[in-house]
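Have a look at the structure below before the remarks.
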Amino acid sequence: MLLPEDRILGQARLGIAMFLPFMMLLLTSCVIPVKRNVTIGELMRGQVLAAETGQPIQGARIHYENVKPFEATSDTNGYFVLQPIHLNRIYWMPPAPVDPPPWTWDECKYRLIISASGYLPNTFERERYKLFARTPEELQIGPKDPEYFLFYLKKDK
């Protein structure tokens, strides 16, 4: 019968046994870091209106779920522009005889939250992927004329 201490020690040995080969590959240059651009979301513009009256809502917050720093606020006419999020990530890849082609990963699977004081929040979900863009034209983020969205918020009772 294994004691709890023996089980923990066995798990620690397994973790070290899995970690050491990766470190050896890293130290012998069999795995190299490669920087890649990742874009989350897309350029969006639109207007936030009251569902009951159709009047524009000033000061509504539009932001990506779980990514609060990237947000837009509607102006006096309810208009907003929300920019995509551009991130640089590092992937560990085996070396190649030539430089890898440029590519980006546009992860357009996101959830927007639209909220304003005195109104119930609204959500918007979208999913679109573009993997391994290889030409400079494909690396441009978003369409030249972004889609236009209307969001309606209902009064909070």
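Letter 73 of the sequence shown, counting from 1, is numbered 690 in the working numbering, and no numbers are missing. Built from N, CA and C at the ideal position, the CB exists for glycine as well.
Item	Value
Burial state of Ser734 (16 or more Cβ within 10 Å)	exposed
Minimum C-alpha distance to Thr690 - residue among Met640, Gln675, Lys771	Gln675
Same chain only: Cβ atoms within 7 angstroms of Lys652, ignoring 5 sequence neighbours per side	Asn705, Ile707
As assigned by DSSP and simplified to three states, the class of Pro673	strand
Cα-Cα separation, Tyr696 to Pro673	8 angstroms
Buried or exposed by the 16-neighbour rule on C-beta atoms within 10 Å, applied to Lys772	exposed
For Leu660, three-class secondary structure by DSSP	coil
Candidates Leu637, Glu659, Gln664, of which the one nearest Leu770 by Cα	Gln664
First and last residue of the uninterrupted beta strand (DSSP E) at Ser732	727-732
Bridge partners - Lys652, DSSP secondary structure assignment	Ile707
Arg662 beta carbon less than 9 angstroms from that of Tyr727	no
Length of the line joining the Cα atoms of Leu767 and Pro701	18 angstroms
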